[in-house]
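Only one structure is covered here, and it is reproduced in the block below.
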Amino acid sequence: MARRFLSIWFRYLTTDWLTIRKPELQTLPFVFATPVHGRMTVTAANALAEAQGITPGNVLADAKAIIANLEVFDEKPDRAAKLLKGLGLWCIRYTPIIALDLPDGLILDISGCAHLWDGEHAYLSEIVSRLQSKGYHARAAIADTIGAAWAIARFGHGAPIVKSNELRTNLLSLPANALRLDPVVLERLQKLGLRTVKSFISMPRSALRRRFGKELLLRVDQALGEEDEPLQLIKPVEPYQERLPCMEPIRTATGIEIAIQRLLENLCQRLQEEGKGLRTAILKCYRIDGKVIKVEIGTNQASHHTGHLFKLFELKIPTIEPALGIELFILEAIKVEDVAQIQEALWGKKVGLDNPNVIELLDRIANKVGPTAIRRYLPDEHYWPERSIKQVSSLQQKPAIAWRVDRPRPIQLLPRPEPVEVAAPIPDYPPMLFIYQGKKHIIKKADGPERIEREWWIEAGEHRDYYQVEDEAGCRYWLFRSGHYTGEQSNQWFIHGFFA
Amino acid sequence: MVDTQKKLISQLQKDILRWQGFTAPSGSSHDHIGLGEIEVAFPNGVFPKGTIHEFLTFEPEHTAAGSGFIGGLLKVLMGEGSACLWIGVARKLFPIAFGSFGIEPDRIIFLDLKNEKEVLWATEEALKCEGLAAVVAELREISFTQSRRLQLAVEKSKVTGFILRTDPLKLSTTACAARWQITPLSSLLEGAMPGVGFPRWNVELLKVRNGNPGSWTVEWNAGQFVIVAEERAVAELSHQTLKAG
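Line by line, the protein sequences are chains A and B.
With the working numbering, the residue at position 212 of the first sequence is 212, and numbering never jumps.
With the working numbering, the residue at position 137 of the second sequence is 137, and numbering never jumps.
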């Protein structure tokens, strides 16, 4: 298929932008200016100022001499690029492949897009009229090459759409600067009286190269489509992406549901055919007022199950605010992984953490309350109670060492040991009684001590002597003395947990 | 004459149970939960799986005892390698301790959530999931409506739900199939042996739907529940007086 490009030229990009923001400027001539080599120089002038002969590059003092009541605004160096990027992102509704064309244009690769708008004429007028209704002076042209589209948009007199077989004839009548040439080369051409493309395009290539350098030939070839021209996209195309433009803006939750369902069906079918599953997906909702609402979901295991993924998105629908309406939905699978082939077992089913139902449940929970809430623990090679388990994020990871059951461990462990008051401590024995949260517990039975060192290579501090004790009511506790018995200090006892 | 009346009554009781959704276990295929005689207290003499059990705990020591008792039940429920979810807000549970109850703690997934509302939502979602063996939720309080929702969720999926009510302000009615209260008891050791013995609890079945409440002394001994004998007589006695009254 022949490639088609659309070039948009914003003739008064920055001044139009300011006029939109300050409508009172519509009837006033104004310019943007910035200091260059110590002089204030005009960088952009609006249509009214340009009509009086002020062009970018003029010195501001001269411009003020022409128009006495000229309004002057400071130029910011990256303003044009920012504006173009914003406009480019807005144009994503027309085609996914868009590149900036600094300082004042956009290039759109529209191959295979125009028929969705009933042909190139309707497509072009839709874009231009939408931009003009926003308040931008926009000119656009469609051609087979970027160079030709660029030239026709800026210098063309006839129809803005160039058919494939008329590319060369259309280019011939254009002036030489329609070829995006370096000013030095352009000046040399002007000096020799070569003002239009047709005056030098049929000259021998070797002569052109000798006199004007390689660049001229490259530009000519690019305009004629003999040389490929790479585009620096403002938004790299995601390999797994589904788009759903809407005829009427969507405003209801049911509408959003239908849109998500349809996008997921297409995406999942594609993923399934390629044996992939998605881990992270983003749904982008392009609203009429220009805002983009993003909703992200993630799964614990690669999945291409439409029903499950829809449930994950369903939880997020309340966060999508349609305002005046959503006109385009884009679903992108950002993270895609190979999916393990699910074997349909005829007898029995997978149990435990491999069960697909459990994995889907955890996906739903992770998307509602955040993945950090889900915890799973494996044994770690430490005696120190707080370090004896480690948290893992994966559901499939198996313990590397066996769980230890030879030492008594409490079923409830306090997040940090709490100090208790004890009475009558004796060396190498638990105390007679302890007071925890104002309540006195007389110790009737005890086991221990179990000495646990702090592991000096990790942190410094006292060791702990743990005792399992039982009070007169039958409640069982885990107490420890921090450090050695000293005889004087009594408040070095802590409670660390409760036994069943 | 008396015999036929008895037959009639037992037949009627069976019918009522069937109409309420309790199906009699078919043959010998039903497995025991390991509670021994306590199971007799339940309808048809089977521990009701696929229902909600609530545990009243008033103090942290009781919560620990209740967690231990649930751990013993989970050992059987998770027997085939299935997973379990433990949902709570300020969880203190130490996974490693489940090793002594015969469960690999890595098969338990913990959900540490921010508030009670999230716990209720997650519990309901989890109870609807068929692949789980059990769901344990630590809640401060549960209302009748909330418990009804949870009970409805399990009726389809047949997941067993345990609710640890850590701060029951008032003993409201709930739709749970059984209400337990587990309190720790002093452990006993043979002779004058020093040290702490096996965990021992006073297991009270305060309410049980279509069953007979009771009270037992249970010990977790060598990986299984052991009902302590001398207490059994007392329990049976009270059971009979209850029936007579």
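Using N, Cα and C, we set each Cβ at its ideal position, and we do this for glycine too.
Quantities reported herein were computed from a predicted structural model and do not represent experimental measurements.
If the criterion is Cβ atoms closer than 8 Å, does the pair Leu278 of chain A and Thr299 of chain A meet it? yes
Hey, is Arg148 of chain B's beta-carbon within less than 8 Å of any beta-carbon in chain A? No - not a single Cβ of chain A is within 8 Å of the one on Arg148 of chain B.
Interface flag, Ile495 of chain A vs chain B, CB-CB below 8 Å: Cβ-Cβ to chain B under 8 Å: no for Ile495 of chain A.
Chain B within 8 Å of Gln301 of chain A, Cβ atoms only: no
Quick one, which of B:Phe55, B:Lys14 and B:Gln5 has its alpha-carbon nearest Val208 of chain B's? For the residues B:Phe55, B:Lys14 and B:Gln5, the minimum Cα distance to Val208 of chain B belongs to B:Phe55.
Step through the CB atoms of chain B and report whether any lies within less than 8 Å of the CB of Glu381 of chain A. No, Glu381 of chain A does not count as interfacial toward chain B.
Between Ser34 of chain B and Pro60 of chain B, what straight-line distance do the alpha-carbon atoms span, to the nearest angstrom? According to the sequence provided, residue 34 of chain B is Gly. The question's Ser does not apply to it. Their Cα atoms are separated by approximately 26 Å.
Can you round the beta-carbon distance between Gly497 of chain A and Pro410 of chain A to whole angstroms, since I take them to be within the 8 Å contact cut? 3 Å
Quick one: grab the DSSP three-state call for Pro204 of chain A. coil
Within 8 Å (strictly less), CB to CB, does Leu127 of chain B reach chain A? no
Could you check what DSSP says for Trp384 of chain A in three-state terms: helix, strand or coil? Note: Trp384 of chain A maps to coil in three-state DSSP.
Whole-angstrom Cβ separation of Gly99 of chain B and Arg404 of chain A, contact assumed at under 8 Å? 7 Å
Looking at C-alpha atoms only, which residue of A:Gln301, A:Arg262, A:Glu321 and A:Arg270 is the closest neighbour of Phe310 of chain A? Out of A:Gln301, A:Arg262, A:Glu321 and A:Arg270, A:Arg262 has the C-alpha closest to the C-alpha of Phe310 of chain A.
Asp101 of chain A versus chain B: which residues are under 8 Å apart at the beta carbon? The premise fails here: Asp101 of chain A is roughly 49 Å from chain B at the closest Cβ pair, so nothing lies under 8 Å.
Which partner residues does Arg454 of chain A have in the DSSP bridge list? Note: Arg454 of chain A sits in no beta bridge, so no partner.
Can you name the residues of chain B whose CB is closer than 8 Å to the CB of Lys390 of chain A? Against Lys390 of chain A, chain B offers no close residue; the least beta-carbon distance is about 11 Å (beta-carbon pairs closer than 8 Å).
Near-chain A residues of the stretch 89 to 107 of chain B - C-beta to any C-beta below 7 Å: Lys92, Leu93, Phe94, Pro95, Ile96, Ala97, Gly99, Ser100, Glu104, Pro105, Asp106 and Arg107
Expressed to the nearest angstrom, what Euclidean distance is found between the alpha-carbon atoms of Gly438 of chain A and Glu421 of chain A? 9 Å
Identify each residue in the stretch 267 to 301 of chain A for which the Cβ-Cβ distance to at least one residue of chain B is less than 8 Å, and report them in chain order. none
Need the endpoints of the alpha helix (DSSP H) that Lys368 of chain A sits in, please. Pro356 to Val369
For chain B, find out if any of its Cβ atoms is closer than 8 Å to the Cβ of Tyr377 of chain A; answer yes or no. By this cut-off, Tyr377 of chain A is an interface position.
Nearest chain A C-beta to Gly27 of chain B closer than 8 Å, yes or no? With a pLDDT of 44 at Gly27 of chain B, under the threshold of 50, the modelled position of that residue is not reliable, and the figure given next carries that caveat. Judged by the 8 Å Cβ criterion, Gly27 of chain B is not in contact with chain A.
Check this for me: beta carbons of Ile359 of chain A and Leu395 of chain A, under 8 Å apart or not? Taking 8 Å as the Cβ cut-off, Ile359 of chain A and Leu395 of chain A qualify as a contacting pair.
I'd like to know whether the C-beta atoms of Thr14 of chain A and Ala33 of chain A end up nearer to each other than 8 Å. Their beta carbons are not under 8 Å apart, which means Thr14 of chain A does not touch Ala33 of chain A by this criterion.
How long is the line joining the alpha carbons of Glu238 of chain A and Leu120 of chain B, rounded to whole angstroms? When rounded, the distance between both Cα atoms is 38 Å.
Looking at the C-beta of Ala65 of chain B, does it have a partner C-beta in chain A at a distance below 8 Å? By this cut-off, Ala65 of chain B is an interface position.
Would Gly114 of chain B be called buried (16 or more neighbouring beta carbons within 10 Å of its own) or exposed? The question names Gly, yet the displayed sequence has Lys at residue 114 of chain B. It is exposed - the Cβ of Lys114 of chain B has fewer than 16 other Cβ atoms within 10 Å.
Helix, strand or coil for Trp347 of chain A per DSSP? The predicted model places Trp347 of chain A with a pLDDT of 45, which falls under 50 and marks its position as unreliable; any figure quoted below should be read in that light. Trp347 of chain A: coil per DSSP, three-state reduction.
What residues from the stretch 41 to 58 of chain B come within 9 Å of chain A, judged by C-beta to C-beta, listed N to C? none
Rank A:Gln301, A:Leu233, A:Ala176 and A:Val336 by C-alpha distance to the C-alpha of Gln241 of chain A and give the top, closest one. A:Val336
Gly88 of chain A, DSSP secondary structure in three states: Gly88 of chain A sits in a helix when the DSSP states are folded into three classes.
On the criterion of 16 or more Cβ atoms from any shown chain inside 10 Å, does His548 of chain A qualify as buried, or is it exposed? This structure cannot speak to residue 548 of chain A, because chain A is shown only from 1 to 500.
With distances taken from CA atoms, which of B:Leu85, B:Phe47, B:His53 and B:Gly72 is nearest Arg501 of chain A? Beyond the ends of chain A as shown, which are 1 and 500, falls residue 501 of chain A; an answer cannot be given.
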